[in-house]
Amino acid sequence: MGRGKIPIKRIENQTTRQVTFSKRRAGLLKKTHELSVLCDAQIGLIIFSSTGKLCQYCSEPYRMEQIIERYQKVTGTRIPEHDNREHLYSELAVLRKETRRLQLSMRRYTGEDMSSIPFEELDQLEQELERSVIKVRERKNELLHQQLDNLRRKERILEEENSNMYRWIQEHGAAIEYHQQGGIEAKTVEHQQVLDQFPSFYGEPSSVLQLATIPQHFHSYQLQLAQPNLQDSNV
159 MGRGKIPIKR
169 IENQTTRQVT
179 FSKRRAGLLK
189 KTHELSVLCD
199 AQIGLIIFSS
209 TGKLCQYCSE
219 PYRMEQIIER
229 YQKVTGTRIP
239 EHDNREHLYS
249 ELAVLRKETR
259 RLQLSMRRYT
269 GEDMSSIPFE
279 ELDQLEQELE
289 RSVIKVRERK
299 NELLHQQLDN
309 LRRKERILEE
319 ENSNMYRWIQ
329 EHGAAIEYHQ
339 QGGIEAKTVE
349 HQQVLDQFPS
359 FYGEPSSVLQ
369 LATIPQHFHS
379 YQLQLAQPNL
389 QDSNV
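First residue of the sequence shown: 159, per our numbering; consecutive thereafter.
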């Protein structure tokens, strides 16, 4: 029992329609290739699926552009080239008109060219400017409050640092003063010990003989006698 004939109408089920398209497209491309090879025919085949996917076939060694150009020569038709200049000119005119309108509107807000504005528009313009001034003032006050909060925060931080430093000085000031006083006393004792090493006299020695009586164990103080100047003695 053979298969029944499929009626030639649009397949409603999308999956079935896609499967049928794939199968029949493959068969059409196969038959087109056979016709081109067997009969030495120049064939150009272009297929667009329902989703917009392109599929094409062109007889070798030709290209699709050559097939289309030959078709235009034979039929005397030309594919019109899309000229965007007119569309660009229209868009440019619209942009110029919008720019002019915005410039006039800005001149109204700056108080220029007020003679051509009717009373109703002037009243509306006044209300818009008042609302704008209110918004500007609100934003300005908001920024001022933020700056004041930042300054107060910095002031609190500096006060805390100052208080911490004052407490630290109060806690460690006595110890620092004690160490400084101890250093001064130690230097005074050391100086007195150096003076005590010379018990035979006080003040500066008056003669070489007195220097010679200093004990020899004070090696840290080495004295050298100067040689007499014989030339000065002869004179």
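Even glycine gets a Cβ: it sits at the ideal position worked out from N, Cα and C.
Note that the coordinates shown come from a computational prediction; the quantities given were computed from them, not determined experimentally.
Within the stretch 205-260, ranges of the alpha helix (DSSP H) (whole runs, at least 4 residues)
The DSSP assignment places complete alpha helix (DSSP H) segments of no fewer than 4 residues inside the stretch 205-260 at 222-233, in order along the chain.
Buried versus exposed, by CB contacts within 10 Å (16 or more), Gly-202:
Gly-202 is classed as buried because its beta carbon has at least 16 other beta carbons within 10 Å across all chains shown.
I want to know whether the stretch 249-258 touches the stretch 219-239 - three or more CB-CB distances under 8 Å.
With a cut-off of 8 Å, the stretch 219-239 and the stretch 249-258 do not count as touching, because too few Cβ pairs lie within range.
For the alpha helix (DSSP H) containing Glu-192, name the first residue and the last one.
In the DSSP assignment, Glu-192 falls within the alpha helix (DSSP H) that extends over 172-197.
Contact under 7 Å by Cβ, Ile-225 with Cys-216
Yes, these two residues count as a Cβ contact at 7 Å.
I'd like to know whether the C-beta atoms of Arg-297 and Leu-283 end up nearer to each other than 7 Å.
In terms of Cβ geometry, Arg-297 and Leu-283 do not form a close pair [threshold 7 Å].
I'd like to confirm something about Arg-175: is its beta-carbon nearer than 6 Å to some heavy atom of the ligand NAD, or not?
For the structure depicted, the ligand NAD is absent and the ligand set is empty, with no information on it obtainable.
CA-CA distance, Val-294 and Glu-288?
Spanning the two alpha carbons is a distance of roughly 10 Å.
Assuming Leu-193 and Ala-184 make a contact with CB atoms under 8 Å, what is their CB distance in whole Å?
That pair is no contact at about 15 Å.
Compare the C-beta of Leu-260 with all C-beta atoms of chain D and state if any pair is closer than 7 Å.
Going by chain labels, chain D is absent from the structure shown, which holds only one protein chain.
Backbone CA spacing between Thr-174 and Thr-190 [nearest angstrom]:
Straight-line Cα distance between these residues: approximately 24 Å.
Whole-number beta carbon distance between Ile-169 and Thr-178, since they are thought to touch under 8 Å:
Between Ile-169 and Thr-178 the Cβ distance is about 6 Å, and since that is below 8 Å, they are a contact.
On the DSSP bridge assignment, give the partners of Leu-262 in chain order.
In the DSSP assignment, Leu-262 forms no beta bridge with any residue.
For Gly-331, which three-state DSSP category applies?
Reduced to three states, the DSSP call for Gly-331 is helix.
Pro-276 versus Asn-242: straight-line alpha-carbon distance, rounded:
Straight through space, the alpha carbons of Asn-242 and Pro-276 are spaced by roughly 41 Å.
Alpha carbon to alpha carbon, how far is Lys-181 from Glu-256?
Taking the straight line from one Cα to the other gives about 55 Å.
Report the option in Val-195, Lys-188, Ile-204 and Ile-315 whose CA atom is closest to the CA atom of Pro-219.
Pro-219 has its Cα closest to that of Val-195, out of Val-195, Lys-188, Ile-204 and Ile-315.
Cβ shell of Ile-292 (< 8 Å), same chain only, five flanking positions each side left out
Closer than 8 Å at the Cβ level, and outside the excluded window around Ile-292, lies no residue.
Distance between Gly-269 and Ile-245 (C-alpha atoms, nearest Å)
The displayed chain sequence assigns His, not Ile, to residue 245. Going by the C-alpha atoms only, they are around 37 Å apart.
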